[in-house]
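Have a look at the structure below before the remarks.
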Amino acid sequence: MATTAVVSAGIAGGLVAGTGLAAAQTVEVPMSTCFGLSPYIVDQPYIASRAFFYQDGPGTGTVTLADVSSVVGFFTTPYLSDARLDWRNKTTGATGTLTATTPIALGNAVNLRMNSGPGEVEITRSAVNRNALWAIPTTSCTGTVRVN
Numbered sequence: 011m012a013t014t015a016v017v018s019a020g021i022a023g024g025l026v027a028g029t030g031l032a033a034a035q036t037v038e039v040p041m042s043t044c045f046g047l048s049p050y051i052v053d054q055p056y057i058a059s060r061a062f063f064y065q066d067g068p069g070t071g072t073v074t075l076a077d078v079s080s081v082v083g084f085f086t087t088p089y090l091s092d093a094r095l096d097w098r099n100k101t102t103g104a105t106g107t108l109t110a111t112t113p114i115a116l117g118n119a120v121n122l123r124m125n126s127g128p129g130e131v132e133i134t135r136s137a138v139n140r141n142a143l144w145a146i147p148t149t150s151c152t153g154t155v156r157v158n
């Protein structure tokens, strides 16, 4: 829940700050929908359809993958989500992959530092969610963000 508060505060702060690099802002990146079962099966499914991008320098910024929760994980042991973010700069052709493992309970988010350079950057998110017994992959989802 603290992570959600930090993300929300950062988003709200970025939205009031204005535009341009002098006053960086957080933008919502609509994406196609990622879907996957929770490793706890009777839990809410893994469904994500957006990311957030906070640009803090020329061609660089932080991608926040949010919108994933586990009710069962909140009351017991959170499951682990191995998130993967592939990015491709459509302007320069540069590519990269970012990964992180995050425990999923209520309102968790993961922040990934992207140094794509300026241009239209396509981001593709996917994950493998796991507990002690098994791992379940998600579908992938894609969106595009403008990086200055």
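Each residue of the sequence shown is one higher than the last, beginning at 11 in our numbering. Every residue gets a Cβ at the ideal spot worked out from N, C-alpha and C, and that includes glycine.
Margin query: When you compare the CB positions of C151 and R140, do they come within less than 7 Å of one another, or not?
Written below: no
Next item on the list: With distances taken Cα to Cα, identify the nearest neighbour of R123 among L108, V131 and P113.
Entry: L108
Next item on the list: Indicate whether E130 and R98 have their beta-carbon atoms separated by less than 7 Å.
Entry: no
Checklist line | Environment of D53 [buried if 16+ CB atoms lie within 10 Å] | finding: buried
Note to self: For A76 and G127, I'd like the C-alpha separation in whole angstroms.
What the structure shows: 23 Å
Check: How about I57 and S91: do their beta carbons lie closer than 7 Å?
Finding: no
Next item on the list: Would you kindly report the start and end of the unbroken alpha helix (DSSP H) that includes G83?
Entry: V81 to F85
Margin query: Please classify T112 as buried or exposed, where buried requires at least 16 other C-beta atoms within 10 Å of its C-beta.
Written below: buried
Note to self: Ignoring anything shorter than 3 residues, give me the beta strand (DSSP E) runs that lie fully in the stretch 37 to 75, in order along the chain.
What the structure shows: 56 to 67
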